[in-house]
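J.: Have a look at the structure that comes next, please.
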Amino acid sequence: CLIHFYKRKMRVLALLFLAPLFLGACLAQKKVLVLLENVAVKETHSLYFSMLQRNGFTLTYKVADDPSITLKKYGEHIYDNIIVFAPTVEEFGGSLSAEAMMDFVDNGGNLLVTAGSVTGDVLREIASESGFEVDEDGTYVIDHHNFDTKDGGYHTRVISDAQNMVKSDLIVGTGKLPLLYEGTGLLTDPSNPLVMDILTGSSTAYTHNPSLPIKEYPHTVGKATVMIAGLQARNNARIVFSGSLEFFSDEFFQAEVDTGNGKLVPSGNFELAEALSLWCFKERGVLRVDGIQHSRVGEGSAPEFYTIREMVQFYIDVKEKVNGEWVPFKPTDMQLEFVRIDPFVRSTMHVAKSELIGTTFKIPDVYGVYQFKVNYQRLGLTRISTSTQVSVRPLRHNQYERFIVSAYPYYASAFSMMFGVFVFAFVFLYHSDETKKKTE
Amino acid sequence: HSVGAGLCAAGMIAIVPGYISRSVAGSYDNEGIAIFCMLFTYYLWIKSVKTGNIYWSALCAVAYFYMVSSWGGYVFLINMIPLHVLVLMICGRFSHRVYVAYCTVYTLGTLLSMQISFVGFQPVQTSEHMLALGVFGLCQIYAFVEYLRANMTPEYFNILFKSLVIIISSIIAVGLGVLTLSGKVAPWTGRFYSLLDPSYAKNNIPIIASVSEHQPTSWSSFYFDLQILTFLFPAGLYYCFSKLTDHNIFIILYGVFAVYFAGVMVRLMLVLAPVMCILSGIAVSSSLSTYMKYLDGSGSQTKAASKQGKGRQDTNSTQQREGTAYLFVVLMTFFLVTYTTHCIWVTSEAYSSPSIVLSARSHDGGRIIFDDFREAYWWLRENTPEDAKVMSWWDYGYQITAMANRTVIVDNNTWNNTHISRVGQAMASTEDKAYEIMRELDVDYVLVIFGGLTGYSSDDINKFLWMVRIGGSTPEGEHIKEKDYYTPSGEFRVDGEGSSTLLNCLMYKMCYYRFGQVYTETGKPPGYDRVRNVVIGNKDFELDVLEEAYTSEHWIVRIYKVKDLPNRGTR
């Protein structure tokens, strides 16, 4: 009885000790700081926040200019993701600033920011550091052909078709419903290769202040009117910038959209918001490299060096995060480059039986120091960039063919010459002239 | 010639600066061994010509193999020996000894030299070796002709001889022409072609022209390296001519050709030095022995004269001869002593001072030591990752590899011209273009030498025009044109008048970063370059793609780190 009692106590104690570890592991990557414009936003966007909590995120709510906000404790970032639902805030509270935000991103944190028709300076700064520009204060995205009739007559509550989303299921999900939007437009920097337009307006959209007459060309017109923009940084941190806070509100999630032919269709905002948030906070479209193996064909481990013209096999273990679990990734277009300043071999890898991705090829006839490079960048996925350096040596003196076929005549002539000289030596030494005998 | 001459020559060769420049510790290159091998090969050649023994010829071939394995200058040897044979043939001194010697040396020597992988099949493919092959063929023909001449009647012989000569020479000429035109026999490579046509390298191959040792020699360098040998050389030649033998002809040929080549390229002064010593040794020994006779014999002669009772005239003339002999011997001793002191002085001043630690005298006479090179290399060694790659100009490659223990992109063994040209393009381009090249070459750190603060004049800005020339000499660097880096009036200036291409290129920015705020000399504005003696033109600029990693104490060595691409987009 006592033993049972103690055993149970031990089990409980063990659970108590190990539980935090489990919890910690599960909650890794899932701590979100939510900065709100005011406390009311928490209620008006309740569906969005409950969706996040359903997906396993722990949310910490703070008003944007709360002086007690800190991102770092003892030099480490406390949160993994930040949501900013405070378009008009001029300055963040506490130790937060645009610089601190960008430092957070540069250290791997993800950001989801909403602006509005009136946007504070600090958000404009964050946008410009991320490769976008927010249009002037007072501007709205206006579309006189695709608007929701429930707006104030200014045609600022626009409908954007599912076709205007970026072509990547990982980022925007598979929804086909139209989207409701009310807010300002963004301009993306065309020379920045890391920026993507996640949701743009239709070809009839433009941005302008609805109460002012139009005197000059609008800043964005048609499909260039970006409503939600995204950036995947080189360290794979993700930023999603939306021009509208209402996009994520309960009202828009539950609204029904009049597509123009009388039918009322529920808006696709909820699906898009969920997909975007999962993508932004690194739950979808995340790859990681678990290991790289390279060796001669038939061998198991990497040799110290390779020799020219050898057959080499290369395997890389890539995992993708699906529903919180890491499963093997099976691409059809991942390439391996064998580079010595310029690539000598470029080979498309295939999925091997052990769920590794790999290929076999022949090392070129040139010796030197090479690198196995895998550079895989696809829209919506994190970047894979690995490089392994190996040396390739020329043939050693005893690795050449021992006898060259085209040299057989020369071998034959050399040996026949040797034999002939040997016989000749006998003949020469032991030959005696006939004439001497005669004279005798 | 004589034992005395040999001893004299040996003494001279031991201290001649021309040879010491390449064999002193710290400035040691292949040539240090190669000259010994060359002289050894020549000695054995002369011995084999004298004796006609296969033994000596075989030894000569082995010594030749040693020479080939040590220096690319063996080409001089493989052309000098056939030339000697040719001259002997022309002089009518061709004999069976020469025939045996040359055939053995050529066949064995060529076979052995082809064992060196760098030489490979060059002896049968390149024009530089064709003379040896041609003379070999000619030897056979000549010997055969002599044999026929000895065994045939004159008329038959003449007919046969003439027809054979015509047929064979035409075949050879056509054959050589076809082979050269079709590319089978390669034309003269750049290094050697520039010896025949000195302007070739300057116009066509900047990297060969840029090496300071490849410039034509000035008169002062001749005297500097050889001193009295330059005067004794013609005297030695005269003595050789007066007693013309096979080996004397060889020495004469060697001497004359060495003088020509030393005049083309400073580096080949090294080849000239030994033969100068030999000929001067001959001159000194011959002249001394001539005059010593008078000193030795004068005692016995006066006795003999007094015995015969010839009279005062003889004693007077012998006394005169004695006097001139004494005078001559004293003069010669004086020359040799000055030669020795000169050699010692030259070696200590010019060829022994370390160039890795510089020193200068300050205005109050005290000595300032500039140890910047070692300081910077040690910083690299201690503060960079082990596999970091450093890009600098090729002059510092070996130093960085040895002292900083890091991989360099190009070093002093300048055999990959395209790669050096790529580095030159990076140095001469703007920051953005240079960044592409640096990423392609996988560069982590860049190192430049800057002398503007201290007045050190062999810095990278002074070498910059060579970088431009070399960078523009390959197809990828065609956009780099030398004239873009000069002012409209054709000057190379780094002040406000300088060309904008120069003022914005990577080398300029790396050398003069933050220099615009430094006061270098009293009474001059900040940013005064003490080597070019101007205030620099582009003062306050920031670097986009590099960040400053280390600058040594006197700003002589400056090291920069290549920045990664920015995290959130383009620059």
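If you read the sequences in order, they're chains A and B.
For what it's worth, this note's numbering labels the leading residue of the first sequence as 1, then goes sequentially.
For what it's worth, this note's numbering labels the leading residue of the second sequence as 1, then goes sequentially.
Beta carbons: idealized from backbone N, C-alpha and C, even for Gly.
These numbers were taken from a predicted model, which means no experiment stands behind them.
Show which residues of chain A have a CB atom less than 9 Å away from the CB atom of B/ARG93.
T.: In chain order: nothing, as chain A lies at least about 34 Å away.
J.: Report the residues of the segment 225–239 of chain A with a CB closer than 9 Å to any CB of chain B, ordered along the chain.
T.: The residues in question are LEU231, ALA233, ARG234, ASN235, ALA237 and ILE239.
J.: State the Cα-Cα distance for the pair A/PRO266 and A/LEU179, rounded to the nearest angstrom.
T.: Straight-line Cα distance between these residues: approximately 9 Å.
J.: Taking only beta-carbon positions, decide if B/GLY523 is within less than 7 Å of chain A.
T.: False, the Cβ-Cβ gap to chain A never drops below 7 Å.
J.: If contacts are defined as beta-carbon pairs under 8 Å, then A/GLU232 and A/LEU194 qualify, I think. What distance do you get, rounded to the angstrom?
T.: At residue 232 of chain A the sequence reads Gln, which differs from the Glu that was named. Going by Cβ atoms, the distance from A/GLN232 to A/LEU194 rounds to 6 Å, so yes, they are a contact pair.
J.: Verify whether the separation of the beta carbon atoms of B/ALA426 and B/MET467 is less than 7 Å.
T.: It is not a contact, given that the beta carbons lie outside the stated cut-off.
J.: Would you mind telling me which residues of chain B sit closer than 9 Å to A/VAL34, beta carbon to beta carbon, in chain order?
T.: Result: empty, since nearest Cβ-Cβ is about 23 Å, beyond 9 Å.
J.: Mind checking if A/SER385 is an interface residue toward chain B, Cβ cutoff 7 Å exclusive?
T.: Closer than 7 Å: no.
J.: Under 7 Å, Cβ to Cβ, is there at least one residue of chain B near A/VAL421?
T.: Closer than 7 Å: no.
J.: For a contact defined as C-beta to C-beta under 9 Å, what are the partners of B/LEU565 on chain A?
T.: Within 9 Å Cβ-Cβ: ARG234.
J.: Can you tell me which of the three DSSP states A/GLU325 falls into?
T.: Here A/GLU325 sits in strand by DSSP.
J.: From A/SER432 to B/PHE121, what does the alpha carbon distance come to, in whole angstroms?
T.: Near 46 Å, if we compare the C-alpha coordinates of B/PHE121 and A/SER432.
J.: Hey, B/GLY523 and B/ILE536: beta-carbon distance below 7 Å or not?
T.: No. Outside cutoff.
J.: At 3 residues or longer, and completely inside the segment 421–459 of chain B: list those beta strand (DSSP E) runs for me, N to C.
T.: The qualifying runs are 445–449.
J.: Is the number of C-beta pairs between the segment 395–411 of chain A and the segment 248–264 of chain A that are closer than 8 Å three or more?
T.: No contact exists between the segment 395–411 of chain A and the segment 248–264 of chain A.
J.: Which residue or residues does DSSP assign as beta-bridge partners of B/ARG361?
T.: According to DSSP, which records beta bridges pairwise, B/ARG361 is partnered with B/ARG367.
J.: Judging by CA-CA distance, which residue of B/ALA150, B/MET130, B/MET292 and B/THR407 is the nearest neighbour of B/LEU176?
T.: Checked all of B/ALA150, B/MET130, B/MET292 and B/THR407; the closest Cα to B/LEU176 is B/MET130.
J.: Relative to the C-alpha of B/ASP540, which candidate in B/LYS509, B/ASN567 and B/ASP529 has its C-alpha closest?
T.: Checking every option, the nearest Cα to that of B/ASP540 belongs to B/LYS509.
J.: Can you tell me where the alpha helix (DSSP H) holding A/VAL345 begins and where it ends?
T.: That residue, A/VAL345, is in no alpha helix (DSSP H); its beta strand (DSSP E) goes 342–348.
J.: Please list the partners that A/GLU473 has in chain B, where partner means a Cβ-to-Cβ separation under 7 Å.
T.: The structure shown has nothing for residue 473 of chain A, since chain A only spans 1 to 440.
J.: Taking A/HIS208 as part of the beta strand (DSSP E), name the residues at either end of that continuous run.
T.: Start and end: 205–208.
J.: Run through DSSP, which three-state label would A/ALA237 get?
T.: A/ALA237: coil per DSSP, three-state reduction.
J.: Can you confirm whether A/ASP106, when its beta carbon is compared against all beta carbons of chain B, has any partner nearer than 7 Å?
T.: Output row for A/ASP106: interface = yes.
J.: Taking any Cβ of chain B, which residues in the segment 151–171 of chain A have a Cβ under 8 Å from it, in chain order?
T.: Under the 8 Å Cβ criterion, the segment 151–171 of chain A contributes no residue.
J.: Counting only the same chain and skipping the five closest in sequence on each side, list residues whose C-beta sits under 6 Å from that of A/GLU129.
T.: The answer, listed in chain order, is MET102.
J.: Interface residues of chain B around A/VAL195 at Cβ under 8 Å?
T.: Chain B residues near A/VAL195: GLY569.
J.: Ordered along the chain, which non-local residues of its own chain (more than five positions away) have a Cβ less than 7 Å from that of A/LEU336?
T.: Only PHE314, SER347, MET349, THR359, PHE372 and VAL374 meet the Cβ criterion.
J.: Are the C-beta atoms of B/LYS561 and some chain A residue less than 7 Å apart?
T.: False, the Cβ-Cβ gap to chain A never drops below 7 Å.
J.: Return the CA-CA distance between A/ASP290 and A/PRO331, expressed in angstroms with no decimal places.
T.: Each residue's Cα considered, the two are about 15 Å apart.
J.: Can you pull the chain A neighbours of B/GLU440, defined as C-beta to C-beta under 7 Å?
T.: Ordered by position in chain A, the residues that pass the 7 Å Cβ test against B/GLU440 are ILE341.
J.: Name the DSSP beta bridge partners of A/LYS362, please?
T.: A/LYS362 pairs with A/MET311.
J.: Determine the extent of the alpha helix (DSSP H) in which B/VAL105 is found, giving its start and end residues.
T.: Where B/VAL105 is concerned, the enclosing alpha helix (DSSP H) stretches over 96–113.
J.: Which residues in the same chain have their Cβ closer than 8 Å to the Cβ of B/CYS575, if we skip the five residues on either side of it in sequence?
T.: There is simply no residue 575 of chain B to check, as chain B begins at 1 and stops at 571 in what is shown.
J.: Report yes or no: do the segment 335–355 of chain B and the segment 7–17 of chain B share at least 3 C-beta pairs separated by less than 8 Å?
T.: Yes: the two stretches touch, three or more of their Cβ pairs being nearer than 8 Å.
J.: Give me the residue from A/GLU216, A/ASN164, A/ARG284 and A/THR174 with the minimum Cα distance to A/ALA229.
T.: Residue A/ASN164 is the option with its Cα nearest to A/ALA229.
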